Amino acid sequence: MRYSSTRAHTPTDVTATLTPSGIPSIPLSSSYATVPFSDAMLSGLAPDGGLFVPSEFPQLSEVFRKLNSESSFMELASSVFSVLLQEECSQEQIALLCQHAFEPQGYSFVPQIRTLEPDLKVLELFHGPSAAFKDYGAQFLATYLSHLMQEKDEDLCILTATSGDTGAAVARAFWKRPNMRVCVLYPSGRVSPLQERQFTTLGQNVHALEVKGSFDDCQRLVKQCFLDVAFCKTHRLSSANSINIGRLLPQSLYYIYAWLRAEKDPNLQFIVPSGNFGNLCAGLYAQKMGMNVRPFIAASNSNMVIPDYISTGLFKPRASIPTHATAMDVGDPSNFERIQYLFPQHATFSKHIQAYGVDDQNIEATIAHYYSHYNYFVCPHTATGLYLASRVQRDDALTMRMVLSTAHPAKFNDIVAKSCGHSSPIPQQLADLGQKKIFTHTIGTQLKELQDYIHTMLKK
């Protein structure tokens, strides 16, 4: 597979704005060259400021034909990547890559499916090292990038913005890896205390930068830094946000895994808690490669940029609003650009995706409901999906809904306890964080502050 920029071709629907707020406008070009996966992954952003997307999607019908509901996650991963990476890696390298990514240091993590009702299931994606769905993409990205840089005998600095779970997953995935350094930018006071400790207590090659602003400020700083070509070349930077295509392809695996477990049911419908919309984009990629499912439902919080786009046809980024579902507090979702590249016409976009917002009051009520009725703890993000599962009308009586559970509820025990009167048990991978020393550095929202820090850090 080869990859091109989302800005390689002018979209036919001009009602949506492709340029993220705060980023210089760059003319669209129809002559942008395609690149292999490793180059796209190392670059993070395309040279024209766009996001890398597959130039075409391979059809995996033959791969899916050989897999069934009993196939292991590792077997699925190796089978899919044997097609996606066949031009860059041998079968032996792919098998080893998947093993190191999804069984890090002997710690195996796979999605778990919880049945709540006959037509409602939850896909638990929080059983990895950082207890969030982003472990799948982060572990794969860290494994592959570390392998590439050791082969090149060069160092790489990973620059990533987080509203909570990304920073924890990326920091844990890259921690102590040779030839790698990580800078995690996070908004001051707008991630949960437990999430913050996950990436501020590691130290060594992981650097936590507390930004005096919102997540959108953090994301803007990262993108602006990558648009400074001379700085990136001098300091050898890449990204581990969902702007990096290396994050999204591994995340498509758990959609396919759930679909296989559902006996490849075409009536399966995924409900995806969505903030920056990378997770939903990964599901759309799986669908493009042959996973036959119903249109997706995106569950947003009170940050309604995508729901408003679907209802009005206008994409209007805005300042993010703080909510209980902090990891989804995004007012300028960068992966809109990727999804609009797939579906440039508003009518087609709306045909494949439904999107709705869920406010804090209904998040709390949903957490309380599933604890009282099912003795089941859910995080605020998962709650947005479960709320919509019972309220959005089904297209067909046969529709089976599966809500993606994106983070362990213990990471948000303040909201969980407030909602249902009980705290969630804390999993082992989070249990000892309170005893560790915090390492962090505070910066403002100006690009120079970030670049000065990176320059000083890399000189040490």
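Just add 12 to the spot in the sequence shown (first one is 1) and you have the numbering used here.
Cβ atoms here follow ideal geometry from the backbone N, Cα and C, with glycine treated the same way.
Remember, predicted model here, so these are calculated numbers, not experimental data.
Exercise for the section: Inspect the beta-carbon positions of PHE238 and LEU171 and report whether they are closer than 9 Å. Expected result: At the C-beta level, PHE238 and LEU171 come within 9 Å of one another.
Handout entry: SER251, enclosing beta strand (DSSP E) - first and last residue
Key = Per DSSP, SER251 belongs to the beta strand (DSSP E) from 249-251.
Problem - LYS536 versus HIS219, GLN207, GLY201, residue with shortest Cα-Cα distance - result: The structure shown does not extend to residue 536, since the chain is modelled only from 13 through 472, so no value can be given for it.
Exercise for the section: Just list the beta strand (DSSP E) runs in the region 174-200, keeping only unbroken ones of 3 residues or longer that don't cross its boundaries, in chain order. Expected result: Fully enclosed beta strand (DSSP E) runs of 3 or longer: 192-199.
Handout entry: Whole-Å CB distance - ALA294 paired with ALA367, under 8 Å assumed
Key = A Cβ-Cβ distance of about 16 Å is found for the pair ALA294 and ALA367, leaving them out of contact under the 8 Å criterion.
Problem - Range covered by the beta strand (DSSP E) that runs through TYR15 - result: Counting along the chain, the beta strand (DSSP E) containing TYR15 begins and ends at 14-17.
Problem - Near the ligand ADP: ASN256 beta-carbon under 8 Å from a heavy atom - result: The model depicted lacks the ligand ADP and carries no ligand whatsoever.
Problem - Inter-stretch contact at 8 Å, needing at least 3 Cβ pairs: the region 378-391 / the region 348-356 - result: No: the two stretches stay apart, fewer than three of their Cβ pairs being nearer than 8 Å.
Practice task
Pull up the distance between the alpha-carbon of VAL182 and that of VAL75, whole angstroms please.
Solution key: The alpha-carbon atoms of VAL182 and VAL75 are separated by roughly 29 Å.
Exercise for the section: Find out if the Cβ-Cβ distance for the pair ILE365, PRO66 is shorter than 9 Å. Expected result: One thing to note: ILE365 has its Cβ no nearer than 9 Å to the Cβ of PRO66.
Exercise for the section: Spatial neighbours of PRO130 within its chain, please: CB distance less than 7 Å, with the 5 preceding and 5 following residues excluded, ordered by chain position. Expected result: Excluding positions up to five away in sequence, the list is empty.
Handout entry: Runs of alpha helix (DSSP H) lying entirely within the region 266-339, each at least 4 residues, in chain order
Key = Listed in chain order, they are 290-300, 317-324.
Problem - Chain-order list of residues whose beta-carbon lies under 7 Å from that of SER41 (same chain, five-residue window excluded) - result: Note that SER41 scores a pLDDT of 36, beneath 50, so its modelled location is shaky and nothing firm can be said.
Exercise for the section: Identify whether GLY225 lies in helix, strand or coil by the three-state DSSP scheme. Expected result: Note: GLY225 maps to coil in three-state DSSP.
Exercise for the section: Counting only the same chain and skipping the five closest in sequence on each side, list residues whose C-beta sits under 6 Å from that of LYS224. Expected result: Closer than 6 Å at Cβ, skipping near neighbours: SER200, GLY456.
Handout entry: Cut-off 6 Å between Cβ atoms - residues of its own chain near ASN304, not counting five sequence neighbours on either side
Key = Within the same chain, ASN304 has close Cβ partners PRO278.
Exercise for the section: Using beta-carbon positions only, say whether MET53 and LEU197 come within less than 9 Å of one another. Expected result: Contact: no.
Practice task
Could you check what DSSP says for MET469 in three-state terms: helix, strand or coil?
Solution key: Helix at MET469.
Exercise for the section: Please name the residue or residues paired with VAL203 in a DSSP beta bridge. Expected result: Looking at the DSSP assignment, VAL203 forms no beta bridge with any residue, so it has no partner.
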